[in-house]
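Data first, discussion second: the structure below is written as structure tokens.
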Amino acid sequence: MEKLYTIEFNIPYKVSTNKFYSSRHWGFRKWVKNKWFEYLSFNILHIAKLKPVPKNKYPLVFVYHFYFAKRCLDSSNCSIMAKMIEDSLVDCRIIENDDQNFVKGNILLVHKSDNQRDFVVLEIYGKYRELEENMIKI
Numbered sequence: 001m002e003k004l005y006t007i008e009f010n011i012p013y014k015v016s017t018n019k020f021y022s023s024r025h026w027g028f029r030k031w032v033k034n035k036w037f038e039y040l041s042f043n044i045l046h047i048a049k050l051k052p053v054p055k056n057k058y059p060l061v062f063v064y065h066f067y068f069a070k071r072c073l074d075s076s077n078c079s080i081m082a083k084m085i086e087d088s089l090v091d092c093r094i095i096e097n098d099d100q101n102f103v104k105g106n107i108l109l110v111h112k113s114d115n116q117r118d119f120v121v122l123e124i125y126g127k128y129r130e131l132e133e134n135m136i137k138i
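Counted from 1, the sequence shown has number 124 at position 124 by the working numbering; the numbering is strictly sequential.
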């Protein structure tokens, strides 16, 4: 795999996957998604000035490092935030699509933040290849 981007940004609204889906009104979910998209689209396009991933770099693997100043979420509870980041990358046309032909997987890691802020470091790797060619079958 080849590292294409490393991006660091603040978490605009900390929300767990459980909280996002448990008995919440659809308006709340839309509000959270819009908040993430507005924040990310500005930072992706105007601050980081990311360019679209070239076609020959697909499929991709994303490694998310979530840093939390106070109570850390479980890694699987960060999945909704990862999904909103991925959707924003599609909406901003940085990645072509987020189906299995373009994004093979995500790794979610959680860390305690030393600098009293919640933020994400996203590493995007390209040219993912299946592991079968090196697999030893028993």
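Where a beta carbon is used, it is the ideal one built from N, C-alpha and C, also for glycine.
Listed as beta-bridge partners of F62 by DSSP are N106, I124.
Excluding sequence positions up to five before and after R117, its CB lies within less than 7 Å of the CB of N10, A69, all in the same chain and listed in chain order.
In this model, S113 and R93 are separated by some 30 Å (Cα to Cα).
Put simply, of T17, H25, L73, C72 the residue whose alpha carbon is nearest the alpha carbon of K83 is T17.
In the structure shown, Y67 adopts extended strand secondary structure according to DSSP, grouped into three states. E38: member of the alpha helix (DSSP H) spanning 26 to 42, first to last residue. Of the candidates K33, Y67, K30, Y39, the residue whose Cα lies closest to the Cα of N115 is Y67. Put simply, the region 53 to 61 touches the region 96 to 105. At least three CB pairs are less than 8 Å apart. For Y13, no alpha helix (DSSP H) run applies, since DSSP gives it neither H nor E. P59 sits close to Y128, with the two beta carbons spaced by under 7 Å. Under the DSSP assignment, E86 falls in the alpha helix (DSSP H) whose first and last residues are 79 to 91. Between L109 and I7, the C-beta spacing is not below 7 Å.
Within the model, the alpha-carbon separation for L73 versus V90 is close to 25 Å.
In the DSSP assignment, the residues bridged to Y5 are I124.
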